[in-house]
Each structure stands twice: as C-alpha cells, then as structure tokens.
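Protein chains in written order, with this note's numbering: chain A, 6 to 177; chain B, 393 to 494.
So the structure is just underneath, and the comments pick up after that.
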C-alpha cells in the first residue's frame with residue numbers, strides 16, 4: 006500500500022515543480038491539474054474517498070477551468086510562433102508520462118486495496134455529512150454568506166464600466 | 393490502510409507548501425502567483441486530511457470542504473481583479489502595479 010503513496014507523492018511534487026517553473030501559462034496550468042489529480046490519489050489512499058472525488062470535481066474540474074478560461078481570454082498563454090510548437094513531443098510527453106504513471110498507480114492501488122466499506126477505520130462520507138450539518142452548521146452558513154459576497158464581488162469587479170461619451174465632449 | 397508514519401505524510405504536504413511559497417516569491421506573473429497560492433491552499437487542506445485520518449475524526453474532511461469554498465471565492469475574486477489589472481495596465485507583471493506605493 007505504501008508504495009502507491011510514494012509514487013503519487015513523487016508525481017505530485019514533480020508536476021508542481023514543473024507548474025511553478027514553466028514559462029507558458031497554459032502548460033503550467035496543465036501540470037497543476039496533474040498535481041491536483043495526484044493529490045486526489047493521495048486522498049484516496051488516506052481513506053478519504055469523498056474528498057478525493059471533491060478534489061477532482063471542484064479543484065481540477067471547476068477552479069482550474071476558470072483559470073484556463075481567463076488565461077485564454079487574456080491571450081497570454083501563446084505567442085505568435087507558439088502554434089508551430091504545439092505538436093512538438095516535448096510539450097506533451099512529460100505530462101503524458103506522469104499521467105500514465107498516475108493511472109497505473111491508481112489501477113494497481115484499486116486492485117490491492119480493501120473495499121472501503123469493509124474497512125472499519127475509514128471515515129465514511131456519512132459521518133462527514135452529519136458532522137458538517139450538526140457541529141459545523143454555523144460555519145456552513147458563514148460559508149454561504151462568503152460565497153454570496155464572492156458572487157457579488159466578482160460580478161462588480163468583472164463588469165466593464167461603460168464609457169459615456171458625448172460626441173461634443175469627446176476629446177480628440 | 394497506509395502504514396507510512398504521519399511525519400512522512402506531513403513532510404509531503406510541507407514540500408508542496410514550500411514549492412507554492414517559492415513560486416509565490418519568485419514569479420512576477422499574476423496568474424502564476426495565483427497558482428502558487430492554490431498550491432499552498434491545497435497542501436494546507438492535505439494536512440487537514442492527514443490529521444483527520446490520523447485521529448479517525450471526520451472534522452478534517454469538514455475543514456477541507458470549507459477550504460474548498462474559501463478557495464473558490466478567492467479564485468473568482470482574484471481572477472476578476474486580474475482581468476481589471478490587465479485592462480488598465482496591459483500587463484500581468486505584479487511589479488507594474490505599484491501606483492499605490494507613492
């Protein structure tokens with residue numbers, strides 16, 4: 006069991022290093038997604054399958070897509086000649102190798118691991134939900150207020166201010 | 393179950409946090425700085441999960457869910473700010489945005 010943890014940890018550290026040292030923002034974001042997937046494998050091995058699913062769905066699925074969307078909107082990821090380099094193997098061979106290592110790791114871990122329902126020591130999602138909505142109910146409501154403030158703030162900051170120009174007042 | 397000592401797991405989270413800190417301090421591109429902050433948030437959540445598994449309590453996973461909510465809000469606000477900065481300054485260099493300094 007332990008070797009799977011070490012493999013996933015090494016993949017996470019390598020892809021994180023590549024993410025913070027890359028020059029192209031899109032490639033770094035892809036490495037960061039790979040790092041998040043590796044960390045979700047670690048979560049699974051730490052007997053937190055619900056959190057592993059949340060990591061893939063929300064972090065790698067929603068937040069990183071937001072990142073990529075903004076990066077592409079600002080058009081900073083690619084230079085003029087970047088399109089020629091897209092198909093070079095150098096660009097995709099390392100992420101592919103790391104991702105396939107992670108996939109093989111996950112498959113072998115799934116073969117070796119006991120089913121999570123039999124393992125009495127694993128924390129079930131049911132316990133998490135009961136704790137979330139009983140002990141931490143106030144914190145959940147505060148998080149809801151925070152999300153509301155986030156929505157309003159993002160809308161306010163993201164809206165373009167319309168320039169009101171009169172044709173006589175316009176300064177040439 | 394893992395038989396790895398909890399120190400090694402904490403060390404893994406610490407390495408990730410340290411990499412995020414290095415990225416935040418070294419890079420000047422705002423997108424990369426935000427990515428480094430994400431890495432640091434994620435390693436903090438990893439510590440919560442490790443502790444929750446170690447003591448067999450669901451509280452660690454609850455805290456990770458809260459970190460997830462805070463991160464989502466932070467990313468949305470920060471990306472909106474980055475868009476505004478890019479429209480004003482036509483650059484993403486964090487050193488260019490120093491009008492508040494003097």
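Glycine included, C-beta positions come from ideal geometry on N, C-alpha and C.
Predicted model, so just to flag it, every value in this text is computed and none were measured.
Coil, strand or helix - residue i by DSSP
{"i": "residue 121 of chain A", "result": "Low confidence applies to residue 121 of chain A: its pLDDT is 48, below 50, so where it sits in the model is not reliable enough to give any reading."}
{"i": "residue 80 of chain A", "result": "coil"}
{"i": "residue 491 of chain B", "result": "coil"}
{"i": "residue 29 of chain A", "result": "coil"}
{"i": "residue 486 of chain B", "result": "helix"}
{"i": "residue 51 of chain A", "result": "coil"}
{"i": "residue 44 of chain A", "result": "helix"}
{"i": "residue 132 of chain A", "result": "helix"}
{"i": "residue 394 of chain B", "result": "coil"}
{"i": "residue 127 of chain A", "result": "coil"}
{"i": "residue 87 of chain A", "result": "Its pLDDT being 49, under 50, residue 87 of chain A is placed unreliably in this model, and the value from its coordinates should be taken loosely. Helix, per DSSP."}
{"i": "residue 23 of chain A", "result": "helix"}
{"i": "residue 69 of chain A", "result": "helix"}
{"i": "residue 11 of chain A", "result": "helix"}
Closest residue to residue i among the options (Cα-Cα distance)
{"i": "residue 452 of chain B", "options": "B:406, B:405, B:462, B:437", "result": "B:437"}
{"i": "residue 151 of chain A", "options": "B:420, B:469, B:479", "result": "B:469"}
{"i": "residue 101 of chain A", "options": "A:8, A:40, A:160", "result": "A:40"}
{"i": "residue 61 of chain A", "options": "A:75, A:77, A:37", "result": "A:37"}
{"i": "residue 138 of chain A", "options": "B:394, B:471, B:458, B:441", "result": "B:458"}
{"i": "residue 134 of chain A", "options": "B:417, B:463, B:450, B:441", "result": "B:450"}
{"i": "residue 129 of chain A", "options": "B:448, B:460, B:490, B:416", "result": "B:448"}
{"i": "residue 405 of chain B", "options": "B:480, B:440, B:466", "result": "B:440"}
{"i": "residue 158 of chain A", "options": "B:481, B:477, B:465, B:478", "result": "B:465"}
{"i": "residue 397 of chain B", "options": "B:445, B:475, B:461", "result": "B:445"}
{"i": "residue 153 of chain A", "options": "B:488, B:402, B:471, B:462", "result": "B:462"}
{"i": "residue 189 of chain A", "options": "A:29, A:43, A:6", "result": "Any question about residue 189 of chain A goes unanswered here, given that chain A covers just 6 to 177."}
{"i": "residue 475 of chain B", "options": "A:8, A:141, A:76, A:97", "result": "A:76"}
{"i": "residue 460 of chain B", "options": "A:162, A:23, A:56", "result": "A:56"}
{"i": "residue 25 of chain A", "options": "B:430, B:403, B:400", "result": "B:430"}
{"i": "residue 160 of chain A", "options": "B:479, B:483, B:482, B:473", "result": "B:473"}
{"i": "residue 127 of chain A", "options": "B:491, B:442, B:400, B:480", "result": "B:442"}
{"i": "residue 18 of chain A", "options": "A:95, A:103, A:74", "result": "A:103"}
Segment limits, alpha helix (DSSP H) that includes residue i
{"i": "residue 61 of chain A", "result": "From DSSP, residue 61 of chain A is part of no alpha helix (DSSP H); its letter is neither H nor E."}
{"i": "residue 451 of chain B", "result": "451-481"}
{"i": "residue 160 of chain A", "result": "142-163"}
{"i": "residue 428 of chain B", "result": "422-447"}
{"i": "residue 405 of chain B", "result": "398-418"}
Beta-carbon separation (whole angstroms), residue i vs residue j, contact threshold 8 Å
{"i": "residue 434 of chain B", "j": "residue 408 of chain B", "result": "7 Å"}
{"i": "residue 110 of chain A", "j": "residue 46 of chain A", "result": "7 Å"}
{"i": "residue 106 of chain A", "j": "residue 16 of chain A", "result": "6 Å"}
{"i": "residue 22 of chain A", "j": "residue 411 of chain B", "result": "6 Å"}
{"i": "residue 501 of chain B", "j": "residue 420 of chain B", "result": "Coverage of chain B is limited to positions 393 through 494, which leaves residue 501 of chain B absent and any answer about it impossible."}
{"i": "residue 454 of chain B", "j": "residue 141 of chain A", "result": "5 Å"}
Proximity test, residue i beta-carbon vs the ligand MN heavy atom, cut-off 7 Å
{"i": "residue 452 of chain B", "result": "Inclusion of the ligand MN in the displayed structure is not the case, the ligand content being empty and no account of it being possible."}
Exercise. Would you say the stretch 33-43 of chain A touches the stretch 419-435 of chain B, given that touching needs at least three Cβ pairs under 8 Å?
Worked result: Touching, yes.
For this session: Tell me, please, whether the stretch 138-155 of chain A touches the stretch 45-55 of chain A by the rule of three or more beta-carbon pairs shorter than 8 Å.
Result: The answer is no - the stretch 45-55 of chain A does not touch the stretch 138-155 of chain A, with fewer than three Cβ pairs under 8 Å.
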